[in-house]
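For reference, the structure discussed in these notes is given below.
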Amino acid sequence: MLYTGKGDKGTTKVIDSKERFSKGSDIIEALGSLDELNSFLGLCKSKARKAPEGGVVLGKKEEKISEILREVQGNLFIIQAQVAGANKKIAKVKLTRIEKIINIIENEIPPIKGFSIAGGTELSSLLDFARTLARRTERRVVLVKEMNLGNLSDYTLPYLNRLSSLLFALARLSNYRSGIKEESPNYK
């Protein structure tokens, strides 16, 4: 059944908790932000499958952008379970991998010269929007940690921080490979 009616009064449960939480609580807000980001990355992944931008060469193998995003989605499910109280955690290897991908992309694209206006390819635009969702999600999960509402691994917050950098790097890569120059704001 897709509905139970148990949340009709504005409360919900997480994992195996007997406690019900307000749907407006900080922990539910963090879980919702993780869900929203993960869902939007599904749209990015779908667009990346059809985009001509290619992939990222990792070692001897090229990984498609859609495959990288799928991996990120899996990691977000781990973080979501962790925030909800499950005995799951983001391992250091997942943080190291995301950093490696960012470094490889940075070696291909031109250096950043300042802020840039989002847009360019459709994929780049979607990835830029995903980056903003990742930043908001990070802020929500930081609040969960600060309020001692969840037991997060040492690598959860760094992973979320790097995720927005990865999405920004992928957005820039999409534009670069499509021959689209970045636009800077003129502040006039």
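Each residue of the sequence shown is one higher than the one before, starting from 57 at the first, in my numbering.
Don't be surprised by glycine CBs; every beta carbon is placed ideally from N, CA and C.
Quantities reported herein were computed from a predicted structural model and do not represent experimental measurements.
Along the beta strand (DSSP E) that carries L114, what are the first and last residues, could you check?
If you look at L114, you'll find it in the beta strand (DSSP E) that goes 111 to 114.
Taking 8 Å as the threshold, find out whether the segment 171 to 183 comes into contact with the segment 97 to 111 through three or more Cβ pairs.
Yes, the segment 171 to 183 touches the segment 97 to 111.
Which residues mark the beginning and the end of the beta strand (DSSP E) in which K144 is found?
Element bounds for K144: n/a, residue is neither H nor E.
Checking the sheet assignment: what are the DSSP bridge partners for K117?
In the DSSP output, where bridge partners are listed per residue, K117 has L114.
Taking its Cβ as the centre, do 16 or more other Cβ atoms sit within 10 Å of E238, making it buried, or is it exposed?
Classification of E238: buried, given that the 10 Å Cβ count is 16 or more.
By the DSSP assignment, the alpha helix (DSSP H) with F185 in it spans what residues?
Segment 178 to 202, the alpha helix (DSSP H) holding F185.
How would you write the range of the alpha helix (DSSP H) that F96 sits in, first residue to last?
Segment 82 to 106, the alpha helix (DSSP H) holding F96.
For E162, which three-state DSSP category applies?
The three-state secondary structure of E162, taken from DSSP, is helix.
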